[in-house]
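**Q** I'd like to ask you about the structure that follows.
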Amino acid sequence: MRSLYQTIAHARGGYISTRLFIPREVWYIKGVKLKAIDEKINACDIVTAALLKLATVKQDEVNQIFEEMQTLEGVLDRAQQTLSKKLGNDVGPTGAKALYGDQPPSEAIGNDMVTTKAGNIGGGTKSYFSLRKLRTKASNQALSSGFGSAAAAATTGGESFASLPMARNSTDGVEAQAKRNVDAVQFGGPHAQYISALAKLFDSAQILDHLTVFEEGAMAQKVPIKLRIGLELSHRHAAEFFGLYICRFVLADVSLLLDKFVKRGSEWVAQ
510 MRSLYQTIAH ARGGYISTRL FIPREVWYIK GVKLKAIDEK INACDIVTAA
560 LLKLATVKQD EVNQIFEEMQ TLEGVLDRAQ QTLSKKLGND VGPTGAKALY
610 GDQPPSEAIG NDMVTTKAGN IGGGTKSYFS LRKLRTKASN QALSSGFGSA
660 AAAATTGGES FASLPMARNS TDGVEAQAKR NVDAVQFGGP HAQYISALAK
710 LFDSAQILDH LTVFEEGAMA QKVPIKLRIG LELSHRHAAE FFGLYICRFV
760 LADVSLLLDK FVKRGSEWVA Q
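See the structure below:
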C-alpha cells in the first residue's frame with residue numbers, strides 16, 4: 510500500500526513491484542469508466558476516519574487502543590459489506606487464489622500485504638497479484654478522450670527520476686520507506702476524488718505499523734494476554750480487509766487505467 514501511495518503522490522509515479530513501474534499520469538487517464546466509484550470512495554473515507562481516530566490514541570493507553578481497534582473492525586465490516594454488494598467476486602476471498610497463487614490468502618497476506626508486521630504489498634520476491642489476470646475485455650475497448658491533464662503536468666516539475674520511490678522488501682523497516690505528506694499532494698483529472706480518497710487511506714493505514722503494543726520491549730508494562738490476543742486478531746482482520754478488498758479493487762482499476770495508458774502510448778509511437 511505504501512508503493513501504491515507513491516504512484517499517486519510522487520510527481521513521476523512509483524514501483525508497485527521490483528519490476529513494474531506505474532507513472533503518475535496513469536491515474537489521470539481519461540475515458541476509462543471505473544466500477545462503483547462512489548461506493549469505493551465512501552468505503553475509503555469511513556475507514557480513513559477510523560484509522561485517524563486510532564492514530565490520536567497514546568501508545569501507552571492499551572485499553573483505549575483495544576477499544577479503537579474494535580471500533581475499526583466494525584467499520585471494516587461495514588465497508589466490506591458495501592464493497593461486496595457492489596463489486597461481487599471482484600473483491601473478497603472468492604477468486605483470491607488466482608491472485609495469490611498456491612499460497613493460502615491468509616498466509617499470503619501475512620507475508621506480502623499491508624504493514625511491516627503484516628507484510629507490505631509490492632514488497633517481497635514473490636508477486637501474488639497479476640495485472641494480466643485482472644484485465645477485462647472492457648479495458649481494451651476504444652474510448653475517445655484525451656490523455657493526462659494539465660493538473661498532472663503541472664505537478665511533475667521539480668522532481669527527477671532519481672528520487673523515484675522503489676518497491677521495498679517486507680523485511681525493510683518503516684524508516685526505510687519513502688516519506689509521505691498527503692496534505693501537500695494535489696489531485697486532479699477525472700478521478701480526482703477517488704485517488705484523493707485512496708491516498709489518504711494508504712497514508713492513514715500506516716498507523717498499524719506504529720502500534721508499539723505489539724512490541725514486547727516498547728511497552729512500560731506488560732500487556733494482558735487477553736488484550737494482546739484481541740489486538741492481534743483485530744490487526745489480522747485489518748490486514749485481510751486491505752488485502753482482499755482494498756488492494757484487489759485498486760489493482761483492478763490500475764490494470765484498466767494502465768491498459769488505456771499503454772494503448773495510447775502505442776498509438777502515439779505508431780504515428
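Anchor point for the sequence shown: position 169 equals 678 in the numbering used here, and the numbering is continuous, going up by one each time.
Beta carbons are placed, not taken as given, at the ideal position from N, Cα and C, and that holds for glycine.
Quick caveat: nothing in here was measured; it's all calculated off a predicted structure.
1) By a C-beta neighbour count over all protein chains shown, 10 Å radius and 16 as the cutoff for buried, is T721 buried or exposed?
2) Under a three-way DSSP split, which group does F530 fall into?
3) What alpha helix (DSSP H) runs, 4 residues minimum, are completely inside the stretch 530 to 609?
4) Which residue or residues does DSSP assign as beta-bridge partners of Y524?
5) Is the beta carbon of G698 less than 9 Å from the beta carbon of I574?
6) Measure the CB-CB distance between L592 and K549 and report whether it falls below 9 Å.
7) Please determine if the stretch 729 to 740 and the stretch 555 to 565 are in contact, where contact requires at least 3 C-beta pairs separated by less than 8 Å.
8) Note the first and the last residue of the continuous alpha helix (DSSP H) segment covering T516.
9) Per DSSP, what kind of secondary structure is L766 in: helix, strand or coil?
10) Closer than 7 Å by C-beta to Q579: which residues in its own chain qualify, once you throw out the five before and the five after it? Chain order, please.
11) Considering just the uninterrupted stretch of the alpha helix (DSSP H) at D712, what are its terminal residues?
12) Which word fits E577, buried or exposed, when buried means at least 16 other C-beta atoms lie within 10 angstroms of its C-beta?
13) Please return the same chain residues whose Cβ sits closer than 7 Å to the Cβ of L561, not counting the five positions on each side in sequence.
**A** Let's see:
1) Position 212 of the sequence shown, counting from 1, holds the residue named residue 721. Exposed: under 16 other Cβ atoms inside 10 Å.
2) As a first step, residue 530 is located in the sequence shown; it is residue number 21 there, counting from the start. F530: strand per DSSP, three-state reduction.
3) 546 to 564, 571 to 596, 606 to 609
4) Translated into positions along the sequence shown, residue 524 becomes position 15. Partner(s): F530.
5) Numbered from 1 along the sequence shown, position 189 holds the residue referred to as residue 698. Numbered from 1 along the sequence shown, position 65 holds the residue referred to as residue 574. No. Outside cutoff.
6) Sequence index remark: in the sequence shown, residue 592 carries index 83 (1-based). Sequence index remark: in the sequence shown, residue 549 carries index 40 (1-based). Yes, Cβ-Cβ distance for L592 and K549 is below 9 Å.
7) With contact defined as three or more Cβ pairs closer than 8 Å, the stretch 729 to 740 and the stretch 555 to 565 are not in contact.
8) Here residue 516 refers to the residue found at position 7 when the sequence shown is read from its first residue. Here the alpha helix (DSSP H) through T516 covers 511 to 518.
9) In the sequence shown, residue 766 corresponds to position 257, counting from 1. Secondary structure of L766 (DSSP, three-state): helix.
10) Position 70 of the sequence shown, counted from the first residue, corresponds to residue 579. S743, listed in sequence order.
11) In the sequence shown, the residue the question calls residue 712 occupies position 203. D712 -> alpha helix (DSSP H) spans 701 to 713.
12) Walking along the sequence shown from the start, residue 577 turns up at place 68. Of the residues assessed, E577 falls on the buried side of the cut-off, its CB having 16 or more other CB atoms within 10 angstroms.
13) Here residue 561 corresponds to residue number 52 of the sequence shown, with the count starting at 1. Closer than 7 Å at the Cβ level, and outside the excluded window around L561, lie S713.
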